[in-house]
Amino acid sequence: MPNNVSGNLNAPTIMLAEKAADIILGNQKAPPRPDVAVYEPENWETTQRRHERDIRIPTAQLSSGLAPIGQRQYQPLLSKLQRPELVRAQGFIGGQWVEAAGSKHFTVEGESCDGTGSCSCGEHGGRRHARCDHCSRLGSARMEEDHYPVRAKLLRQWAAAITANCEDLAIIGSVECGKPLAEAKWEVEFAVGVIEYFAHEVVRSSGFLISPSDPSQKILVTKEPVGVCGIVSPWNFPYAILGLSLGPPLAAGCTVVVKPAGETPLSMLALATLAEEVGVPPGVINVVTAPRERSEEVGRVLTSRTEVRKLTFAGSTQVGKWLMGQSSNTLKHLSLYLGGNAAFIVFEDADLEKAVDGLIKSKFSNTGQACIASNRIFVHSSVYDSFAAKVVARVERLKMGPPLEEGVQLGPLIGPSAVEKVSALVEDAVNHGAKVLLGGKTSGLGKNFYEATVLADVDETMRVSREEIFGPVVPLFVFSSEEVVARANDTAAGLAGYLYTRDVARIFRVAGELECGMVAVNSELVTHVRAPFGGIMESGIGREGSSEGLQAYQETKMVCLGGLRVTLGPVPMNSRRRLSGRMKPVVNLLHTARCSGDEFMIQ
1 MPNNVSGNLN
11 APTIMLAEKA
21 ADIILGNQKA
31 PPRPDVAVYE
41 PENWETTQRR
51 HERDIRIPTA
61 QLSSGLAPIG
71 QRQYQPLLSK
81 LQRPELVRAQ
91 GFIGGQWVEA
101 AGSKHFTVEG
111 ESCDGTGSCS
121 CGEHGGRRHA
131 RCDHCSRLGS
141 ARMEEDHYPV
151 RAKLLRQWAA
161 AITANCEDLA
171 IIGSVECGKP
181 LAEAKWEVEF
191 AVGVIEYFAH
201 EVVRSSGFLI
211 SPSDPSQKIL
221 VTKEPVGVCG
231 IVSPWNFPYA
241 ILGLSLGPPL
251 AAGCTVVVKP
261 AGETPLSMLA
271 LATLAEEVGV
281 PPGVINVVTA
291 PRERSEEVGR
301 VLTSRTEVRK
311 LTFAGSTQVG
321 KWLMGQSSNT
331 LKHLSLYLGG
341 NAAFIVFEDA
351 DLEKAVDGLI
361 KSKFSNTGQA
371 CIASNRIFVH
381 SSVYDSFAAK
391 VVARVERLKM
401 GPPLEEGVQL
411 GPLIGPSAVE
421 KVSALVEDAV
431 NHGAKVLLGG
441 KTSGLGKNFY
451 EATVLADVDE
461 TMRVSREEIF
471 GPVVPLFVFS
481 SEEVVARAND
491 TAAGLAGYLY
501 TRDVARIFRV
511 AGELECGMVA
521 VNSELVTHVR
531 APFGGIMESG
541 IGREGSSEGL
551 QAYQETKMVC
561 LGGLRVTLGP
571 VPMNSRRRLS
581 GRMKPVVNLL
591 HTARCSGDEF
601 MIQ
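Residues 1 to 603 (full-length UniProt numbering) are what the sequence shown spells out, left to right.
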């Protein structure tokens, strides 16, 4: 058998299929799983020996860890980690670390500012994604066999493993996308909270019983997993978005094929490493990496494969529309979390100190590179000058620098193109009459740094009003009445909105009139583990988080039981005890619905 995966895709795939089938059909004992959510990392050499023993793919195609080329590039990053083995550069398919076809790799630049993040990662094309879909489908059978307590236990174990490695994961995330280390740690903790929440939520998720008009019938409504889910994740919040995108499908019993952003693949590969260590079955989580240039090729595979029943994407509105069109031929379930243009409204009776604090937090998270970031700041004319002065004073104190440096609050933008876009938006605003109160230019700290900027006298003729900034720029608009609501709604995006006021009647009135999926009142928080996350209009389709997030990965099935005859009169308790475990809940439901007996028979 050739060592190059691209030379013979079928043989490794068949071998993986045989392996999964043996486990599913009971011909081979399934890998043991811990009974409690206690995390103990496995010895790495043992893991590699297990790979070579259990999987009949030639060992030349399996990975020993880092990319075979440019390994020295990893050393600055590895030296900062307690567990360097979390940094992987290969695809994770069917429970195996598989080298890219032809050992082809792409560069992950990283934004650590000291060369820490410069490394390479395996470049997997469309054929590898197709193989991944097949392995994920095999994993679906195993996940559907596992009852929800087993899935919940696995999720808790995975969350425990992520918590135990929080420091290392935060460093990897910070190095990849350039966000300050403190924010990266928060993001890891948020992902843990999401995964733990869905470990509990799946236990509460259940079907229900309907009593139709015909007394001889009962209708059972059940929830089943959608199946294989394709997940395309963004670079700006690699852990938080992956937590929201992975927790619900795994809890529901689905399997996933994840294509992380080309800018931040190492974060997802580290999560996959921990999932493998805690015993997540092969084929349940599959990860294939590719650079941005091959995103369209990967997207076509995920949208065209019939094995993939659902597609989840977080990113730009333009790409979301394209994926939606591509998915029409197979009528996939879609969850799309797209761009925003959030309005931040400060009324005349607002607590200005709290409003400024909320603006700083909602605007400068990840250096403004967030879809829920405040994009248009509307301030009442009576407090406009005072508010602007307070904002400038606060923004001046924000520390910008390398993301791993202690105390840094603003890091670099994701790349030169991001800097060019922000510069163009600021230049356009100034050309149309805006005043620069602070910043307005690139920083001398490095090529991807842009100074925190405050613009005054901004209006709707400027591009910053119509486009998502995705950078550290605060454009201040002025308003004088509640006509500001119409101005806030004058956008195709509808993700988030913020308002500050002490008037309770106004709170309910304006919050109800704002056309967006999430509204924060006197707060910068629009994301919560237990709350639905998502937008309307061109900001997306569907919700992540909360019970809605779990339902998005479930199919509803109706089962009509006919020919039932309920016998009136009490039935001894010992008769109930003799019922099988699966039938007892059905009998109890029938008894409750009839309120007159608990013995039934099918004619």
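Ideal Cβ placement from N, Cα and C applies to all residues, glycine included.
In the pairwise beta carbon analysis, the segment 492–504 is classified as touching the segment 519–526: at least three pairs are separated by under 8 Å. For residue 201 and residue 550, the gap between their C-alpha atoms comes out near 8 Å.
Take residue 282, set aside five residues on each side of it, and the residues of its chain with a beta-carbon closer than 6 Å to its own are 94 and 95, in chain order. Under DSSP, residue 225 takes part in a beta bridge, and its partners are 554. Check the Cα spacing between residue 471 and each of 306, 321 and 421: the tightest is with 421. Along the segment 236–289, the beta strand (DSSP E) occurs as fully enclosed runs of 3 or more residues at 255–259 and 285–287, listed in sequence order.
In the structure shown, the three-state DSSP call for residue 219 is strand. The closest CA to that of residue 238, considering only 255, 184 and 280, is found on 184. For the 8 Å CB-CB criterion, residue 315 and residue 234 form a contact.
Annotation for residue 173: 179, 184, 187, 188, 238, 239, 264 and 267 place their beta carbon closer than 8 Å to its own, counting only its chain and skipping 5 residues before and after.
Taking residue 152 as the centre and dropping the five residues before and after it, the same chain places the C-beta of 199, 200, 202, 203 and 251 closer than 8 Å to its C-beta, in chain order.
Annotated three-state conformation of residue 544 is strand, per DSSP. DSSP links residue 442 through a beta bridge to 450.
Using a Cβ distance threshold of 8 Å, residue 454 and residue 476 count as a contacting pair. For residue 518, the enclosing beta strand (DSSP E) starts and ends at 518–521. Between residue 443 and residue 381 the beta-carbon gap is near 32 Å, outside 8 Å, which marks them as no contact. Between the segment 302–314 and the segment 327–339 there are three or more C-beta pairs closer than 8 Å, enough to call the two in contact. Between residue 346 and residue 394, the CB-CB gap reaches or exceeds 8 Å.
In the structure shown, the three-state DSSP call for residue 326 is helix. With a cutoff of 8 Å on beta-carbon distance, residue 512 and residue 494 are scored as not near each other.
For the pair residue 310 and residue 226, the CB atoms are nearer than the 8 Å cut-off.
Taking residue 540 as reference, the option from 451, 363, 323 and 526 with the minimal CA-CA separation is 323. Around the beta-carbon of residue 255, 16 or more other beta-carbon atoms lie within 10 Å, marking it buried. Residue 378 places its beta carbon less than 8 Å from that of residue 488. For residue 309, the uninterrupted beta strand (DSSP E) run begins and ends at 308–314, by DSSP.
No Cβ-Cβ contact shorter than 8 Å links residue 161 with residue 243. Between residue 258 and residue 236, the CB-CB gap reaches or exceeds 8 Å. Rounded to the nearest angstrom, the gap between the Cα atoms of residue 564 and residue 207 is 20 Å. Residue pairing by DSSP places residue 455 opposite 436 and 475 in a beta bridge.
Distances from the alpha-carbon of residue 410 to those of 197, 90, 384 and 366 put 366 closest.
The criterion of a C-beta distance shorter than 8 Å is satisfied by residue 155 and residue 247.
Residue state for residue 159 is assigned as helix, using DSSP reduced to three classes. Sorting 376, 216, 169 and 275 by C-alpha distance to the C-alpha of residue 92 places 275 at the top.
Annotated three-state conformation of residue 195 is helix, per DSSP. Shown here for residue 177: same chain residues with a beta carbon closer than 7 Å to its own, the five before and five after excluded, namely 111, 235, 236, 238, 263, 264 and 414 in chain order. Between residue 339 and residue 317, the gap from beta carbon to beta carbon is short of 8 Å.
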